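Participant:
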Amino acid sequence: MVKPVTLAFEHSGCRHCLVKLIDIETVSKCPLCKAPIGIGTLHVNIALNDIIGKFDVKCESSGWTFHEHKQH
Numbered sequence: 005m006v007k008p009v010t011l012a013f014e015h016s017g018c019r020h021c022l023v024k025l026i027d028i029e030t031v032s033k034c035p036l037c038k039a040p041i042g043i044g045t046l047h048v049n050i051a052l053n054d055i056i057g058k059f060d061v062k063c064e065s066s067g068w069t070f071h072e073h074k075q076h
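In this note's numbering, the protein residues as written are 5 to 76.
Spelled out as structure tokens, the structure:
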């Protein structure tokens, strides 16, 4: 999960995945509770984003490591 978002009913997910779901579905629903969702219901989850930002991403096959750096 790169850009975590929270829906209006406090379920969290990957922004990219949820936007993709909204784009392909006629009536998009939360994968957890099946409530209707739309682009306007996606809000950045700041706390989860900060936690994820503390972890490195490592490719097992190449050994490549990436750490997303936020500029303040």
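Each residue gets a CB set at the ideal place from its N, CA and C atoms; glycine is no exception.
Computed from a predicted structure; not experimentally measured.
Just the Cα atoms here: how many angstroms apart are G17 and M5?
Facilitator: Residue numbering aside, residue 17 sits at position 13 when the sequence shown is read from its first letter. Residue numbering aside, residue 5 sits at position 1 when the sequence shown is read from its first letter. Rounded to the nearest angstrom, the two C-alpha atoms are 8 Å apart.
Participant: Return yes when the C-beta of I26 is under 6 Å from any heavy atom of the ligand MG, and no when it is not.
Facilitator: Within the structure as shown, the ligand MG is missing, as the structure has no ligands at all.
Participant: With distances taken from CA atoms, which of D60, G42, K38 is nearest H20?
Facilitator: Along the sequence shown, one-based indexing puts residue 20 at 16. It is G42 whose Cα lies nearest to the Cα of H20.
Participant: Take H76 and list the residues in its own chain whose beta-carbon comes closer than 7 Å to its own, dropping the five residues that flank it on each side.
Facilitator: Taking the first residue of the sequence shown as 1, we reach residue 76 at position 72. Any reading at H76 needs caution, since the residue's pLDDT is 32, under 50, leaving its predicted position unreliable; the model's value is listed next. There are no such residues.
Participant: From C37 to N53, what does the alpha carbon distance come to, in whole angstroms?
Facilitator: In the sequence shown, residue 37 corresponds to position 33, counting from 1. In the sequence shown, residue 53 corresponds to position 49, counting from 1. Cα-Cα distance, rounded: 22 Å.
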